[in-house]
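The opening residue of the sequence shown carries number 8 in my numbering; numbering runs sequentially from there.
Glycine included, each C-beta is placed from N, C-alpha and C at the ideal position.
Note that the structure is a prediction, hence the values are computed from the model and not measured.
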Amino acid sequence: RRTFWKGRGEVEREVQGFAEDIFRVAQDRSDDIDALIKSHAENWRMDRMAAVDRNVLRAAVAEMLGYPATPRAVVINEAIEIARKFSSPESAQFINGVLDSIGKELESARGVEK
């Protein structure tokens, strides 16, 4: 963990803690997260997704699970921006659709109306 942050320059503790929380949720709930992605990524197998897209989805779903008070739109918009920067415009659309569907399912399970 120290090695990762050491090469990043100065990072605010709050940002570092948030990133570590997301990573921890993604790691601890990886099976649940992958199952959600598989069930909402119609006609896409995990191994056929670009690695960037797959991991952007995992991080975003981890945020939805670990920080349920964060609005779905905020999580999705962050993921789309990452996809646009590091993947492709088509990936951004794909990620948007998958995350919106997952977010709706999670909100419904928690009894949240949007």
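Work out the CA separation of residue j and residue i for me, nearest whole Å.
i, j, result
"residue 96", "residue 88", "10 Å"
"residue 68", "residue 109", "8 Å"
"residue 113", "residue 86", "17 Å"
"residue 18", "residue 58", "25 Å"
"residue 75", "residue 26", "15 Å"
From the DSSP output, in three-state form, read off residue i for me.
i, result
"residue 52", "coil"
"residue 86", "helix"
"residue 18", "coil"
Report yes if the CB atom of residue i is closer than 8 Å to the CB atom of residue j, and no otherwise.
i, j, result
"residue 33", "residue 40", "yes"
"residue 66", "residue 102", "no"
"residue 107", "residue 83", "yes"
Rounded to whole angstroms, how far is the Cβ of residue i from the Cβ of residue j, which I believe are closer than 8 Å?
i, j, result
"residue 91", "residue 99", "5 Å"
"residue 105", "residue 64", "6 Å"
"residue 60", "residue 37", "That pair is no contact at about 16 Å."
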